[in-house]
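Positions 1 to 757 (this note's numbering) are the ones given, in order, by the sequence shown. From the three backbone atoms N, C-alpha and C, an ideal C-beta is built for every residue, glycine too. In this text the structure is predicted, and so the values were computed from the model without any measurement. The structure appears below as C-alpha cells.
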Amino acid sequence: MNDSASFAPVPGGVIGQPLSRVDGHAKVTGRAQYAAEYQLPGLTYGVLVTSTIAKGRIQGFDASVAQREPGVLAILTHENIPRLAKTPNAKADQKTLEGIMMGFMPLTGPEVFYSGQPVAIVVADTFERATHAAALLKINYQAEAPIASYRSPQAQLFDPKDTGDSSDLSRKTRGNPQAALAAAPVKVTATYTHSINHHNPMEPGATTAHWEAADRLTVYDSTQGVTLVQQTLAALLGLRQEQVRVVCKFIGGGFGSKYNVWPHTVLATLAAKAVQRPVKLVLRREQMFGPVGHRAPTRQTLRMGTDNAGLLMALGHHAKTATSTFDEFIEPAANASHTLYASPAISTSHEAVRLDTGTPLFMRAPGEAPGSAALESAIDEMALACGMDPLAFRLVNYAEVEPITGKPFSSKALRQCYEQGAARFGWAARPQAPRQMRDAAGMLVGWGMGTAVFPALMFQGQARAVLLQDGRGIVETGAHDMGQGAWTGLAQIAADALGLDLDRIEFRSGSSDLPDAGIAGGSAHTATVGMAIDGAGADVIGKLADLATNDERSPLFGAGNAGLIARGGRLHRRDDEARSESYADILARAGLAEIEGRGTGAMDPAAQSTYAMHAHGAVFAEVTVDPDFGQVRVTRLVGAFAAGTVVNPRMVRSQYYGGMIWGVSFALHEHAVIDKRTGRPMNPNLGEYHVPVNADVPSIEAILVEERDVHVNALGIKGVGEIGITGTAGAIANAVWHATGVRVRSFPITLDQLIEA
Numbered sequence: 001m002n003d004s005a006s007f008a009p010v011p012g013g014v015i016g017q018p019l020s021r022v023d024g025h026a027k028v029t030g031r032a033q034y035a036a037e038y039q040l041p042g043l044t045y046g047v048l049v050t051s052t053i054a055k056g057r058i059q060g061f062d063a064s065v066a067q068r069e070p071g072v073l074a075i076l077t078h079e080n081i082p083r084l085a086k087t088p089n090a091k092a093d094q095k096t097l098e099g100i101m102m103g104f105m106p107l108t109g110p111e112v113f114y115s116g117q118p119v120a121i122v123v124a125d126t127f128e129r130a131t132h133a134a135a136l137l138k139i140n141y142q143a144e145a146p147i148a149s150y151r152s153p154q155a156q157l158f159d160p161k162d163t164g165d166s167s168d169l170s171r172k173t174r175g176n177p178q179a180a181l182a183a184a185p186v187k188v189t190a191t192y193t194h195s196i197n198h199h200n201p202m203e204p205g206a207t208t209a210h211w212e213a214a215d216r217l218t219v220y221d222s223t224q225g226v227t228l229v230q231q232t233l234a235a236l237l238g239l240r241q242e243q244v245r246v247v248c249k250f251i252g253g254g255f256g257s258k259y260n261v262w263p264h265t266v267l268a269t270l271a272a273k274a275v276q277r278p279v280k281l282v283l284r285r286e287q288m289f290g291p292v293g294h295r296a297p298t299r300q301t302l303r304m305g306t307d308n309a310g311l312l313m314a315l316g317h318h319a320k321t322a323t324s325t326f327d328e329f330i331e332p333a334a335n336a337s338h339t340l341y342a343s344p345a346i347s348t349s350h351e352a353v354r355l356d357t358g359t360p361l362f363m364r365a366p367g368e369a370p371g372s373a374a375l376e377s378a379i380d381e382m383a384l385a386c387g388m389d390p391l392a393f394r395l396v397n398y399a400e401v402e403p404i405t406g407k408p409f410s411s412k413a414l415r416q417c418y419e420q421g422a423a424r425f426g427w428a429a430r431p432q433a434p435r436q437m438r439d440a441a442g443m444l445v446g447w448g449m450g451t452a453v454f455p456a457l458m459f460q461g462q463a464r465a466v467l468l469q470d471g472r473g474i475v476e477t478g479a480h481d482m483g484q485g486a487w488t489g490l491a492q493i494a495a496d497a498l499g500l501d502l503d504r505i506e507f508r509s510g511s512s513d514l515p516d517a518g519i520a521g522g523s524a525h526t527a528t529v530g531m532a533i534d535g536a537g538a539d540v541i542g543k544l545a546d547l548a549t550n551d552e553r554s555p556l557f558g559a560g561n562a563g564l565i566a567r568g569g570r571l572h573r574r575d576d577e578a579r580s581e582s583y584a585d586i587l588a589r590a591g592l593a594e595i596e597g598r599g600t601g602a603m604d605p606a607a608q609s610t611y612a613m614h615a616h617g618a619v620f621a622e623v624t625v626d627p628d629f630g631q632v633r634v635t636r637l638v639g640a641f642a643a644g645t646v647v648n649p650r651m652v653r654s655q656y657y658g659g660m661i662w663g664v665s666f667a668l669h670e671h672a673v674i675d676k677r678t679g680r681p682m683n684p685n686l687g688e689y690h691v692p693v694n695a696d697v698p699s700i701e702a703i704l705v706e707e708r709d710v711h712v713n714a715l716g717i718k719g720v721g722e723i724g725i726t727g728t729a730g731a732i733a734n735a736v737w738h739a740t741g742v743r744v745r746s747f748p749i750t751l752d753q754l755i756e757a
C-alpha cells in the first residue's frame, strides 16, 4: 500500500443516527430463526433428566419402562453415552481445555455435585414422547448432606486470589485505611447482603446438533460466542476446529447465561452422534436454575470515615461470596469501590466458600451490580452521618483521577450526569429528612440516587470488508445480537467505514465460519467488533485509494498527500471534492471484481496502561411505600449516562432502560430460595422467582450526556449494556429509606423487612 494515501471517515455519517433495527422486520414476521427453530430432516428431540440431589452418587438406573415407550430412540447416561476425546474432569486434559470450558462435564461418571446437574438425556421422535420417557426414568441415588449456604459453619473459606480466576481479586490497598479510619471523626460501618440471582432470559439455553458426516458437525446454539463454542466442541470431540460449524443468528437474551459452553450443548452433540440423527435440546425453565451459571450471593461490609467537612478519609470494602466445589468464579463485588470516590485511603478484599451448587458465572454487571448496590447505599448512610444531601456528598468526594490507581480518566462526564439528571428529576425539592412526602393516596414517597459506573472494556475481534464492482459492500464478522440492536449499530459503523449508504451494505454475522468476533459480553461487543469493522473498512478503502491515486487515468491520480474522503460510494479529493470517482469505476478499470480488507478490534495496551476507562452515570429514583403493609413500588426513574460515542441513540436508550429495569429487579424482586437441607432451589420458575412485569416498570427516562473520548478507542465507543443496573439498585434502596426512615441492607428489599423494622 502507498503510505502517502490517507483516508478519513466523513463527519455526520450514519453513526449517531437513531435508526430502527435492521433485523426488526425479520423478528416481527417470524423469519428470524433462533437455535431451536431449525427444522432439519430427521430431527429428533432431546430432554435432559437432572439430579434431584445436590451431592452424592448415582447408584443405578432403571430405564426398563422408559425404553418401552413409543418413539424413544435412546436413553443416555454416563454408562452408555459416546465418550468425549477430552474432558475437563480429567487432570491430563485440563491444561489443554483451560480457558474454553468450565471445570466439570456431567455424564462422565456417577458423581453428583449440584442440584439440577444433568444425569441423563432421553431422545425420541417427538418432544412429548421424550418428555414422557424422561419422567419414567428411575434413578437410585446415594445422597450426602450438601453445604448449601455460605453462612453454613461447614463452609470452608479460601483466598480467591489463588484460584486463577480472570478477575483481579487480590487485596487492593492505597494509603493506610486502618489508621485513617481510626482518625476519622465521622464513621459508618454497615453490612449488605444479596441473594442468589438466576438467569432467566426470554429464550432459555437451546441447541440443535447435526452430524453431517462422521467428522463434520453443525451446531445451532444460543450462545454469546460462536467461535468459543466451536473451539470447545472441537477440543472435547477430538475434531479440528474447521470440522465444527456453529451458527447463532439471533439470541433471545443472554446477559452472561450464554457466555460459556454449558453441558447441554455438549450433550446434544453426543446424543446426535448416538442416534445418528439431528437432535434438538431446549432447557426447561427450571433447568436454568443450576447448570448455566448464576449470580452468587454476597455479604459485603463497608467501612467509611470522613472529616467534619464530609471529605472521605478512609473507604474499606470487603466481600464474602461463594463458588462451586469443582470450579472457581468469584463475584468481584468489592472492586466497585476502586473507581468512584476520592479517598486517600482505600482497601478492598474478597473471600469465598465452596458450596454444593453449580458454578456461578457472569450475570449482567458481574461484581459491579451487587458491589455498587452496597457502595451506593453506604455512601448515602455516610452522607446522612455528615448531615449532607446525598448528591452534595458525592460531589464533595468527586474523583478527578481513579482513586485506586491514580490514573487520569480517559474521559469522565459524571458531573454533567449529576447535573442533568438532578435537574430533570427535580432533586432540589427533596427534603433532607425521611418520611416527609406522601402522595394523594397516602403512600409514603421517597427519593434516592445512585452513581452508575462500568468499565469500558474491549476484547479481541476480527472483521472482513469487501467492496464489489457494482458498488455494494459486504461486511462479515462472527458477531452476536442478543436483542439489544448490535446488528443495527454494527451495520451503521460498517456503512460509515465503507462510505456507503446503509442499504448498499450486506452485513453477515452469527456464524463461526466468519471472522472471529470474540464474545458478546462485558458491554464490550460494539466497541470490539465496531473497531474491527472500522479497521476492515479503512483497509479496503485504503487499497481502493491506492488503485486510484496511482492510476494516471483516474481523476484522483496523485492525490495521496492531499488525502481522500469516502462518501456515497465514491472517493473524493479532500482539497477538491469536485474531483471524485466511484468505487465501481476504480475497480472496473483495475479489472477487479472485488477488493477485500481486514480489521482487528482490541484495546490499545498503551492507552489502557495510561488511562482509567469507564462509562459513568447517575440514576434518580422515586418510590412509594404502603405505610401499613410495606409494599414498595418504583414510580419514576431518571438516568443520565455518559458513554462516549453514541452509535445509535434509539438502541442506546433502550439498553439504558433495560439496565434500569434490571436494577428494579435486583432491588425488589429477584431472590432464589435454597432449601438448606437439600441444596435444591425452591422457586425454580417464573411464578415464584419474581422478575418485573409491565405493572412493575415505572416511568423511565434516560438522558444521553454528550461525551467525547479520544483514548478508549478510535471511535470513542464505550459500553452501555450493563451500566444501567449499577446505579439503579442503590438509588431504589436509598429512596426506600427516604420514604420510610428504615434502612434495609438486604437485597431484594421485601415488605417484611419494612414491617418488622
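Rounded to whole angstroms, Thr207 and Arg438 show a C-alpha spacing of 51 Å. By the criterion of a C-beta distance shorter than 7 Å, Tyr38 is surrounded in its chain by Thr208 and Tyr220, once the five residues flanking it on both sides are discounted.
Look at Asp576 here: in three-state DSSP terms it is strand.
A residue is called buried once 16 or more other Cβ atoms fall within 10 Å of its Cβ, and Arg464 is buried on that count. In the DSSP assignment, Asp62 falls within the unbroken beta strand (DSSP E) covering Gly56 to Asp62. With fewer than 16 other Cβ atoms from the protein chains shown falling within 10 Å of its own Cβ, Val28 counts as exposed. For Asp221, the uninterrupted beta strand (DSSP E) run begins and ends at Arg216 to Asp221, by DSSP. Per DSSP, the unbroken beta strand (DSSP E) holding Trp211 starts and ends at Ala206 to Ala213. Take Gly56, set aside five residues on each side of it, and the residues of its chain with a beta-carbon closer than 7 Å to its own are Val112, Tyr141, Gln142, Ala143 and Glu144, in chain order. Nearest in C-alpha terms to Gln276, of all of Asn713, Glu79, Gly42 and His671, is Gly42.
Residue pairing by DSSP puts Ile595 in a beta bridge opposite Leu467. Between Ala336 and Phe409, the alpha-carbon positions lie close to 16 Å from each other. Listed in chain order, the beta strand (DSSP E) runs fully inside the segment 462-536 are 473-477 and 505-509, counting runs of at least 3 residues. Sorting Val664, Ser609, Arg633 and Gln484 by C-alpha distance to the C-alpha of Val619 places Val664 at the top. In the three-state reduction of the DSSP assignment, Ser337 falls in the helix class, which pools H, G and I. Going by C-alpha positions, Val710 is about 30 Å away from Ser580. Within the same chain, and ignoring the five residues on either side of His198 in sequence, the residues whose Cβ sits closer than 7 Å to its Cβ are Met288, Phe289, His294, Ala672 and Tyr689. Distance from Leu181 to Gly371 at the Cβ level is roughly 19 Å; contact not present, criterion being Cβ atoms closer than 8 Å. Secondary structure at Val266: helix, using DSSP grouped into helix, strand and coil. When the beta-carbon positions are compared, Ala497 and Ala538 come within less than 8 Å of each other. DSSP, read as helix, strand or coil, puts Gly238 in coil.
Taking a contact as a CB-CB distance under 8 Å, the pair His480 and Pro403 does not count as one, their CB atoms being some 34 Å apart. Comparing C-alpha distances from Val247 to each of Val736, Pro649 and Asp516 shows the shortest one belongs to Asp516.
In this structure, the CA atom of Ala428 is about 40 Å from the CA atom of Gly530.
Taking a C-beta distance under 8 Å as the contact criterion, Ile541 and Leu490 do not qualify as a contact pair. Along the segment 73-125, the alpha helix (DSSP H) occurs as fully enclosed runs of 4 or more residues at 91-97, listed in sequence order.
Runs of beta strand (DSSP E) with 3 or more residues, each lying fully within the segment 122-152, are found at 138-143, listed in chain order. In the DSSP assignment, Val247 falls within the beta strand (DSSP E) that extends over Val244 to Val247. Spanning the alpha carbons of Arg573 and Leu544 requires a straight line of approximately 13 Å. Three or more Cβ pairs drawn from the segment 443-463 and the segment 708-726 lie within less than 8 Å of each other, which places the two stretches in contact. Thr227 and Leu391 have their C-alpha atoms spaced approximately 45 Å apart. Counting the other Cβ atoms within 10 Å of the Cβ of Glu128 gives fewer than 16, which makes it exposed. In this model, Ala642 and Gln17 are separated by some 17 Å (Cα to Cα). Nearest C-alpha to Gly687 among His669, Arg680 and Lys676: His669.
Here Asn685 is not near Arg31, since their CB atoms are 8 Å or more apart. Counted as a single uninterrupted DSSP element, the beta strand (DSSP E) harbouring Lys320 occupies residues Leu312 to Ser324.
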